[in-house]
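*Asks:* Heads up: the sequence shown begins at 0 in numbering that gives the first Met the number 0, then just goes up one per residue.
Right, I'll just put the structure down here and ask away after.
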Amino acid sequence: MLNFLNNMNLLPTNFIVANIVEVLKEDPENGVDKLYEMSQNFITDPQIQQTVKEIKSYYDSHPSIKRYIKNMVYNTHKNVLNHFLQNIVVKEAWEGINKREQASQKYQVQIPYALMLDIGMDCQLNCKDCYYPHDHSFSMPLSEIDRLVFEAKEIGIHLIILSGGDPVLNDGLLKLYEKYSDVEFIVFTNGTSMNTERCQRLVNLGNVLPMIVLEGEANEMKEQVNPGLYHQIFETFDLLKSQGLLFGVVTPLKATNLEKVVSDRFILPLIKHGSRLQLYVSTHQPKSGGELTPKMNQWLERQLNDMRRMRPYMAVHLQSYSPFIGRCVIGPLAYNIMLESMNQVVEIPQFNTKMINGARLVQVLKQYQI
């Protein structure tokens, strides 16, 4: 392994990441420390050395980050972890940035970091006040999804979010995931269609991250959907965790459930049952009836900062441009990155088959940004 790391700069990035995963999986408790020590032997660029040093310092000074990474390494199947790092760190971030910048200049349109496709309305639940009638005219053909993913890759997008009804019901997507193994697919689902066979196929594929919609605790779920769904979702969590899949939770935010869904009472069971990522989604539209006030948003950001500092959990607040938020109505999305030297809004556009209407992706992106 040391010889490999000494010659790391001569090797392809996918081979490098695969061997990094090997180091982490061989010794989850000390893997990060070993990688840092080994990196001193092959990183010669002073700027990169300093960056690695700062990352390691941050890791050492934040116990929750240490626990988060160790939990992820311990509990995630090697193939899933490898694909996640390959697709997100290498393809989406490392290689994707330059490719997206070049495509932006070539086509004179802003290329997003990720793309959200609303692929249909098939769902086995009958939620109260369902926003989505079962209208098959909104079903996006697999051939169209295939084309859009291909075109997204061509312009540097390697993160695709699938929403609309429950995409897990569409087994035809499995071939698509296999075809585009260098794309990370985040799939919004109600979680009820997961079984051992599907989970094993997702583990073998490695590039699918289920995000399960959970509005609140059992009482809230009982009122909005059905009495048994909350417990059924936690059974799905246990199944996903036992198979070594990365997964997370999506929670639609409203003024009425804000305090409950950021409390330890809500969050700690999610962590215990294996969730690695929490997406809170609130509407960005004023006067929608469900939007958070500026004061609520400020309170929420403080709570999420504390959560990330205290808990081994990644929690993010996304704002939706939809005037209302529900189980199947989430995007399009925006994330406000606020750092000392940067304040940037990252947008994730969402398209359905009627918006696409057979057009090329770059043309649809241009129309979206007008």
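Ideal Cβ positions, reconstructed from N, Cα and C, are used throughout, including at glycine.
Since the model is a prediction, treat every value here as computed from it, not as a measurement.
Which residues share a DSSP beta bridge with Met115?
*Replies:* To locate residue 115, count along the sequence shown from 1; it is residue 116. BP columns for Met115 point to Ile160, Gln349.
*Asks:* Return yes when the Cβ of Gln85 is within less than 7 Å of the Cβ of Asn13, no when it is not.
*Replies:* Residue 13 sits at position 14 when you count from the first residue of the sequence shown. Residue 85 sits at position 86 when you count from the first residue of the sequence shown. Contact: yes.
*Asks:* Using C-beta distances below 8 Å, list every residue in its chain close to His76, excluding the 5 sequence neighbours before and after it, in chain order.
*Replies:* Along the sequence shown, one-based indexing puts residue 76 at 77. Same-chain partners within the cutoff: Val202, Gly205, Gln242, Gly243, Leu244.
*Asks:* According to DSSP, Asn335 sits in a beta bridge with which residue or residues?
*Replies:* Counted from its first residue, the sequence shown places residue 335 at position 336. In DSSP, Asn335 forms a bridge with Val344.
*Asks:* Per DSSP, Ser281 forms a beta bridge with which residues?
*Replies:* Position 282 of the sequence shown, counted from the start, is the residue given in the question as residue 281. For Ser281, which the question treats as bridged, DSSP gives the partners Gln318.
*Asks:* Report yes if the C-beta distance between Ser281 and Gln231 is below 7 Å; otherwise report no.
*Replies:* To locate residue 281, count along the sequence shown from 1; it is residue 282. To locate residue 231, count along the sequence shown from 1; it is residue 232. Against a cut-off of 7 Å, the Cβ pair of Gln231 and Ser281 comes out as no contact.
*Asks:* In whole angstroms, what is the alpha-carbon distance linking Ser180 and Leu257?
*Replies:* Here residue 180 is taken as the residue at index 181 of the sequence shown, counted from 1. Here residue 257 is taken as the residue at index 258 of the sequence shown, counted from 1. Their Cα atoms are separated by approximately 37 Å.
*Asks:* Could you check whether the region 205-224 touches the region 173-192, counting it as contact only if at least three pairs of C-beta atoms, one from each stretch, sit closer than 8 Å?
*Replies:* Yes: at least three Cβ pairs fall under 8 Å.
*Asks:* Would you identify the three-state DSSP class for Phe246, choosing helix, strand or coil?
*Replies:* As a working note, residue 246 is residue 247 in the sequence shown. Three-state result, Phe246: coil.
*Asks:* Can you tell which of Val16, Asn70, Ser63 has its C-alpha closest to the C-alpha of Pro27?
*Replies:* As a working note, residue 27 is residue 28 in the sequence shown. When only C-alpha atoms are compared, the closest one is Asn70.
*Asks:* Assuming Pro311 and Arg66 make a contact with CB atoms under 8 Å, what is their CB distance in whole Å?
*Replies:* For the purposes of this step, residue 311 is taken as residue 312 along the sequence shown, with counting starting at 1. For the purposes of this step, residue 66 is taken as residue 67 along the sequence shown, with counting starting at 1. Contact holds; Cβ gap of about 4 Å.
*Asks:* Rounding to the nearest angstrom, what Cα-Cα distance links Leu332 and Ile355 in this structure?
*Replies:* As a working mapping, residue 332 is identified with position 333 in the sequence shown. As a working mapping, residue 355 is identified with position 356 in the sequence shown. Using only the alpha carbons, I get a separation of about 18 Å.
*Asks:* Taking 8 Å as the limit between beta carbons, can you name the residues of its chain near Arg149, skipping five residues before and five after?
*Replies:* Position 150 of the sequence shown, counted from the first residue, corresponds to residue 149. Reading the sequence as shown, one finds Phe at residue 149 and not Arg. So the qualifying residues of the chain are Tyr179.
*Asks:* Below 8 Å CB to CB, which residues in the same chain sit around Thr188 once its five sequence neighbours on both sides are set aside?
*Replies:* Position 189 of the sequence shown, counted from the start, is the residue given in the question as residue 188. So the list reads Asp165, Pro166, Val167, Pro209, Met210, Ile211, Val212, once near-sequence residues are dropped.
*Asks:* With Leu278 and Gly247 assumed to form a contact (beta carbons below 8 Å), what rounded beta-carbon distance in angstroms separates them?
*Replies:* Translated into the one-based positions of the sequence shown, residue 278 becomes position 279. Translated into the one-based positions of the sequence shown, residue 247 becomes position 248. Right, their Cβ atoms sit about 7 Å apart.
*Asks:* Under 6 Å Cβ to Cβ from Ile154, same chain only, skipping five residues before and after it: list those, please.
*Replies:* To locate residue 154, count along the sequence shown from 1; it is residue 155. Cβ within range, chain order: Ala102, Ile110.
*Asks:* Figure out for me which residue from Leu80, Glu300, Lys90 has the closest Cα to the Cα of Arg275.
*Replies:* The count along the sequence shown starts at 1 and reaches residue 275 at position 276. Here the closest residue by C-alpha is Leu80.
*Asks:* Hey, how far is the Cα of Tyr112 from the Cα of Gly190?
*Replies:* On the sequence shown, position 113 is the one that residue 112 refers to. On the sequence shown, position 191 is the one that residue 190 refers to. One C-alpha to the other measures close to 26 Å.
*Asks:* Based on Cα-Cα distance, which residue from Met120, Leu252, Gly357, Val224 lies nearest to Met295?
*Replies:* Locating residue 295 in the sequence shown gives position 296, counting from the first residue. When each option's Cα is compared against that of Met295, the closest is Leu252.
*Asks:* Could you round the C-beta distance between Gly163 and Asp117 to whole angstroms and report it? I think they count as a contact, below 8 Å.
*Replies:* Taking the first residue of the sequence shown as position 1, residue 163 is located at position 164. Taking the first residue of the sequence shown as position 1, residue 117 is located at position 118. About 4 Å; that satisfies the 8 Å criterion.
*Asks:* Tell me which same chain residues have a C-beta within less than 6 Å of the C-beta of Asn2, skipping the five on either side of it?
*Replies:* In the sequence shown, residue 2 corresponds to position 3, counting from 1. Summary for Asn2: the model assigns pLDDT 46, below 50, so the residue's position carries little reliability; its value from the coordinates is reported in the next sentence. The answer is none, since no qualifying residue turns up.
*Asks:* Closest to Leu269 by C-alpha separation, out of Gly215, Glu290, His316, Met220, would be which residue?
*Replies:* The count along the sequence shown starts at 1 and reaches residue 269 at position 270. Here the closest residue by C-alpha is Gly215.
*Asks:* Using only the alpha-carbon positions, how far apart do Leu343 and Tyr334 sit?
*Replies:* Against the sequence shown, residue 343 aligns to sequence position 344. Against the sequence shown, residue 334 aligns to sequence position 335. Correcting the residue type first, residue 343 is Gln in the shown sequence and not Leu. One C-alpha to the other measures close to 8 Å.
*Asks:* Quick check: the Cα distance between Leu418 and Thr250, rounded to an integer number of angstroms?
*Replies:* Past the edges of the chain, shown from 0 to 369, lies residue 418, and the structure says nothing about it.
*Asks:* Answer with yes or no whether the minimum CB distance from Gly330 to chain D is below 7 Å.
*Replies:* Within the model displayed, chain D is absent; a lone protein chain is all it includes.
*Asks:* DSSP state of Phe41, grouped into three classes?
*Replies:* On the sequence shown, position 42 is the one that residue 41 refers to. Three-state DSSP puts Phe41 in coil, outside helix and strand.
*Asks:* Taking 7 Å as the cut-off, decide whether the C-beta atoms of Ile347 and Met139 are in contact.
*Replies:* Walking along the sequence shown from the start, residue 347 turns up at place 348. Walking along the sequence shown from the start, residue 139 turns up at place 140. Cβ distance not < 7 Å, so Ile347 and Met139 don't count as in contact.
*Asks:* Report yes if the C-beta distance between Lys90 and His157 is below 7 Å; otherwise report no.
*Replies:* One-based indexing of the sequence shown puts residue 90 at position 91. One-based indexing of the sequence shown puts residue 157 at position 158. Cβ atoms of Lys90 and His157: closer than 7 Å.
*Asks:* Taking the straight line between their C-alpha atoms, what separation do you get for Ile159 and Gly119?
*Replies:* The count along the sequence shown starts at 1 and reaches residue 159 at position 160. The count along the sequence shown starts at 1 and reaches residue 119 at position 120. Rounded to whole angstroms, Ile159 to Gly119 spans 15 Å at the Cα level.
*Asks:* Since Phe265 and Glu183 should fall inside the 8 Å C-beta cutoff, what is the C-beta to C-beta distance between them, to a whole number of angstroms?
*Replies:* Here residue 265 is taken as the residue at index 266 of the sequence shown, counted from 1. Here residue 183 is taken as the residue at index 184 of the sequence shown, counted from 1. Not quite, the Cβ-Cβ distance comes to about 26 Å (not below 8 Å), so this is no contact.
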